[in-house]
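All remarks here apply to the structure that follows.
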């Protein structure tokens, strides 16, 4: 069985609601218990009251289970299964189980598409209703705008009589040519002054730009000199670096010796404490032994005197 078929089988079982996660590696080798669990679960999907045997301890029980599943699927789902392949419980068995899974998955897919179609119809009707409501709202808004626009136009038309008279007076008035020339000359002088100021601003901008360019060039030269100096300093080896490295090596050696001696000192101190503790524990025992020896000698002396 190919890797794609096993993956499709796992995904379809998960879509059908199978509670256990089926890995691609589950059927690399025969796995009858998992196959029996899947077949039982699929059979119960067709008929919740199906009588499926649960005992799978012996070979006869397994053969009986496979035969009952094959018969059940032939009568309920009209699917013909290969008994030998199912009993192998490997990738070939999964191919047979896929026949059942495809039926359930296609039914589930069709049901979901039907629900989506019904939902789409409902959504279309809802969209139409919303569109109608929006059209009504727009119509009401346009009606209110039309009313306000008509009122404004009526007010302007009412002022037209006074405005016509003022317009005619302005058109019939004789203008003084000297006054007009003075106004034009003042406007010309003002425009020339604005042009002069703009030109002066451009000159100042050009001067500032030149000053900034010179500063940038100066900074660039300083940067190049500093970079060259830095590269020179990095390439030069200081005179004291050899002495520093030698002292560093000596310090490493001395530190290693210090660590060794410190460990030995700590070990000897611990050993001393243990020996002192052992001596303290041993002294009461020696006192008791000496007392018992003295007592024994005293008893022997008394016995000898009596005799």
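Residue numbers (this note's numbering): 3 to 309.
Ideal Cβ placement from N, Cα and C applies to all residues, glycine included.
Predicted, not measured: the structure shown is a model, and the values here were computed from it.
Within 8 Å, strictly: CB atoms of residue i and residue j
i: residue 103; j: residue 29; result: no
i: residue 38; j: residue 58; result: yes
i: residue 92; j: residue 31; result: yes
Whole-Å CB distance - residue i paired with residue j, under 8 Å assumed
i: residue 48; j: residue 78; result: 5 Å
i: residue 68; j: residue 89; result: 5 Å
i: residue 100; j: residue 7; result: 7 Å
i: residue 84; j: residue 61; result: Contact flag wrong, Cβ pair sits at about 18 Å.
i: residue 64; j: residue 34; result: 6 Å
Candidates the options, of which the one nearest residue i by Cα
i: residue 42; options: 31, 33, 32 and 54; result: 54
i: residue 96; options: 146, 143, 9 and 297; result: 9
i: residue 1; options: 108, 169 and 217; result: In this structure the chain extends from 3 to 309, so residue 1 is not present and cannot be described.
Test: residue i CB closer than 8 Å to a CB of chain B
i: residue 48; result: Going by chain labels, chain B is absent from the structure shown, which holds only one protein chain.
**Asked** Would the segment 131-145 and the segment 95-110 be scored as touching if the rule is three or more Cβ pairs under 8 Å?
**Response** no
**Request:** Could you tell me whether the segment 133-145 touches the segment 48-68, where touching means 3 or more Cβ pairs closer than 8 Å?
**Result:** no
**Message:** Restricting to runs no shorter than 4 residues, where is the alpha helix (DSSP H) found entirely within the segment 56-99?
**Reply:** List check, alpha helix (DSSP H) in window: 61-78 and 85-90.
**Prompt:** In chain order, which continuous runs of the beta strand (DSSP E) of length 3 or greater are located wholly inside the segment 253-282?
**Reply:** Listed in chain order, there is nothing to give.
**Request:** Taking only runs that begin and end inside the segment 177-221, name each unbroken alpha helix (DSSP H) of 4 or more residues, in chain order.
**Result:** For the segment 177-221, not a single whole alpha helix (DSSP H) run of length 4 or above is found.
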